[in-house]
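Note sheet for the following structure.
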C-alpha cells in the first residue's frame, strides 16, 4: 500500500493547476549558464549522477538556449537541489521570480526515501524522472494534461506506476537512463521548452 500511495504522489505540484505548459512566460534570462548545486546530505545511491543526466537532458533539449552546469558551492548556485522528505510528494520546486519577471533562482526538493520495496533500477528511474520533472518547473514549465509529457500533472491513482513502467520499457540497462533513446521528454515537452526560451 505504501508504494502505491507514494508513487501516486510521484511529483509535487510546483504550479497550482494544469496549464498550457508555459508558466506565464517566466524563464531564466536568455543564454543563461545556470549553475546547479546538489546537496550531498541524504543523497540516494547514484542521486547526483541521475540529477546531472536530467540537467543534460534539458540543456540538450533547449538547443543551446541555456546551459546547466554543476557547482560545488551552494552560494554560487542558481538552482539548489535537496534530497529530503519533500513533504509527502516525490518532489517539489519553488522558483524565485525577479523584479524583471525572470526566474533567477529555484529550490528543488526530491524525496530521498524511494520505497525500499522497489528494485535499484526502478529507484533510479524514480529519482531521474522526478529530477527531470522538477528541473522542468525550475526552468519555468508548468504541468500538462498529456500523460506522455514529463510535465504531466500526476494525480490519478496508478499514474506513477504506469509512467515508470512505460519508461522502463525503453531501457535495457541502468546506463540507458537519460540516453538519447530514453530522455524522458515528449515532443511536447521539448516544443514547450523551446517556445519558452526562443
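In the working numbering, the protein residues as written are 19 to 216. Beta carbons are placed, not taken as given, at the ideal position from N, Cα and C, and that holds for glycine. The structure presented is a predicted model; accordingly, all values stated were derived computationally and were not measured.
Please work out which residues of its chain come closer than 6 Å, Cβ to Cβ, to residue i, disregarding the five sequence neighbours upstream and downstream, and give them in chain order.
{"i": "residue 89", "result": "53, 55, 95"}
{"i": "residue 182", "result": "143"}
Taking all protein chains shown into account, do 16 or more other C-beta atoms lie within 10 angstroms of the C-beta of residue i, making it buried, or fewer, making it exposed?
{"i": "residue 12", "result": "Outside the displayed span of the chain (19 to 216) sits residue 12, for which this structure offers no information."}
{"i": "residue 57", "result": "buried"}
{"i": "residue 151", "result": "buried"}
{"i": "residue 93", "result": "exposed"}
{"i": "residue 193", "result": "exposed"}
{"i": "residue 71", "result": "buried"}
{"i": "residue 198", "result": "exposed"}
{"i": "residue 91", "result": "exposed"}
{"i": "residue 9", "result": "Since the first residue shown for the chain is 19 and the last is 216, residue 9 is missing from the structure and cannot be characterised."}
{"i": "residue 80", "result": "buried"}
{"i": "residue 191", "result": "exposed"}
{"i": "residue 178", "result": "buried"}
{"i": "residue 141", "result": "buried"}
Ignore the nearest five residues each way along the sequence and tell me which others in residue i's own chain have a CB closer than 7 Å to its CB.
{"i": "residue 167", "result": "204, 206, 207"}
{"i": "residue 65", "result": "101, 145"}
Check whether the Cβ atoms of residue i and residue j lie closer than 7 Å to each other.
{"i": "residue 47", "j": "residue 85", "result": "no"}
{"i": "residue 121", "j": "residue 49", "result": "no"}
{"i": "residue 99", "j": "residue 69", "result": "yes"}
{"i": "residue 83", "j": "residue 185", "result": "no"}
Taking only beta-carbon atoms, is residue i less than 7 Å away from chain E?
{"i": "residue 202", "result": "You won't find chain E in this structure, because it holds only one protein chain."}
I'd like the list of long-range same chain contacts for residue i, defined as Cβ closer than 8 Å, with 5 residues on each side in sequence excluded.
{"i": "residue 164", "result": "170, 204, 206"}
### Message
Three or more C-beta pairs under 8 Å: does that hold for the stretch 149-159 against the stretch 110-129?
### Response
yes
### Message
Measuring CB atoms only, is the stretch 138-152 touching the stretch 191-209, in the sense that at least three cross pairs come out at less than 8 Å?
### Response
yes
### Query
Should the stretch 58-78 be regarded as contacting the stretch 121-133, the criterion being three or more beta carbon pairs within less than 8 Å?
yes
### Task
Would you mind listing the beta strand (DSSP E) stretches within the stretch 100-170 that are 3+ residues and don't spill past its ends, in chain order?
109-115, 121-129
### Query
Could you give the uninterrupted runs of the beta strand (DSSP E) lying entirely in the stretch 74-104, keeping only those of 3 residues or more?
85-89, 97-102
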